[in-house]
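The structure under discussion appears below in the form of structure tokens.
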Amino acid sequence: MKVLNVINNNVVSSLDEKNREIVVMGKGIGFHKKPGEEIADTQVEKVFRLPDETHDRFMKLVQDISYTHMKLTSDIIDYACEHVGRKLRKSIYVTLTDHLDFAIQREEQGMVFQNALLWEVKEYYVKEYEVGKMAQKLVKEREGVALSDDEAAFIALHIINAEEDTDEKKDVKFLNLTRDILTIVQDDLELDFKDESIDYRRFMTHLKFFIQRAVKKDYSYGDDTADVYNELVKKCPGEYACAADIKKYVKDKLDYEASEEELIYLTVHLHRLTKCSKKQSEQEN
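When you line the sequence shown up against my numbering, it's residues 1 to 285, in that order.
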């Protein structure tokens, strides 16, 4: 393998067996190198090919990013592919490298960004969030910088959006719908969610399937046993009103008309959340 172009001391381009341009990474691999010179196998740490639309962006990006940050990103991507069990679009080398470099700089400057989708990512994209947590650990070990859980979720979102064989627009839409509904619940019932509670997890699971039905316009959901909860609904006007607000939101956003049974079950889960929140508040006081 020969050098085609030297990008910086740690990145060069070359040609593969099909005469396609590839990116070759390795510490010091480009130091004092010239086009046409041989690349020693012992210097090669990572080889990949980028699609045309991201190749130039990556080449410009790595000129201003340290090798340690590039190596860090590469290791995170390798772990993500293995841990999540899906191929990732090569554009992840651009988006995640850029994001991680900036995230470390922000943290060093004391600039912390909140991630509005933190809960949703933790709940619905467990493996991707675990990648974010592993990245958090690597950054701490190698850079001495402690990234927040919000940042771990941002990293997870980059993984989600790079996954092949998935519709990233649907994933983002689902997360936004979930976030908006949780905001309705917080505003209506003044709840402080405790995401480690069993009632919270039950509600999130129920909400996941509720949103999936709404997106698919699936009206098959129904259960005669909902009648037994009618008395409870009368005793929980606040929770029922919140469920009605959720119904209106879903109708406006997705043109899906939630059934009375769905409202009742939402009310039941909201009532459990309210009880759990009150109980925890009493224990804390």
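Glycine is no exception: its CB is placed at the ideal position from the N, C-alpha and C atoms.
- In the same chain as Ala152, and ignoring 5 residues on each side of it, the C-beta atoms closer than 8 Å to its own belong to Tyr129, Gly132, Lys133, Ala135, Gln136, in chain order.
- Taken atom to atom, the span from the alpha-carbon of Asp75 to that of Gly144 is near 17 Å.
- Asp150 is positioned such that its CB atom lies no closer than 8 Å to that of Ile160.
- Counting along the chain, Met204 sits inside the alpha helix (DSSP H) bounded by residues 198-216.
- A distance below 6 Å between beta-carbons, with the five flanking residues on each side excluded, links Leu175 to the following residues of its chain, in chain order: Leu117, Glu120.
- Assigned with DSSP and collapsed to three states, Val84 falls in helix.
- When the beta-carbon positions are compared, Leu270 and Leu189 come within less than 8 Å of each other.
- Between the alpha carbons of Ile22 and Val112 lies a gap of roughly 36 Å.
- If only uninterrupted alpha helix (DSSP H) runs of at least 4 residues are considered, those enclosed by the segment 122-174 are 126-143, 149-162.
- When only Cα atoms are considered, Arg201 and Ile211 end up about 15 Å apart.
- In this chain, the alpha helix (DSSP H) harbouring Ile92 covers 92-108.
- Cβ neighbours of Asp192 within its own chain (closer than 7 Å, five residues either side excluded): Ser277.
- Secondary structure at Asn5: strand, using DSSP grouped into helix, strand and coil.
- Around Lys90, the same chain offers Phe48, Arg49, Leu50, Pro51, Thr54 as residues with beta carbons nearer than 8 Å, after the five sequence neighbours per side are excluded.
- In this structure Ile198 is exposed. Its beta-carbon is surrounded by fewer than 16 other beta-carbon atoms within 10 angstroms.
- Distance from the CA atom of Leu254 to the CA atom of Asp245, rounded to whole angstroms, is 14 Å.
- Collapsing the DSSP output to three states places Lys34 in coil.
- In this structure, the alpha-carbon of Lys217 lies about 21 Å from that of Tyr124.
- Approximately 4 Å separates the beta-carbon atoms of Asn10 and Tyr67; this is inside 8 Å, confirming the contact.
- Separation of the CB atoms of Ile7 and Ser14 is rounded to 11 Å, and the pair is thereby denied contact status at 8 Å.
- Within its own chain, the residues whose Cβ lies closer than 8 Å to the Cβ of Ile184, once the five positions on either side in sequence are excluded, are Cys242, Asp245, Ile246, Tyr249, listed in chain order.
- Counting along the chain, the unbroken beta strand (DSSP E) around Lys46 starts and ends at 46-48.
- Counting of Cβ neighbours within 10 angstroms places Val126 among the exposed residues, the total staying below 16.
- For Lys87 against Glu37, the beta-carbon gap comes to about 33 Å, at or over 8 Å, which does not count as contact.
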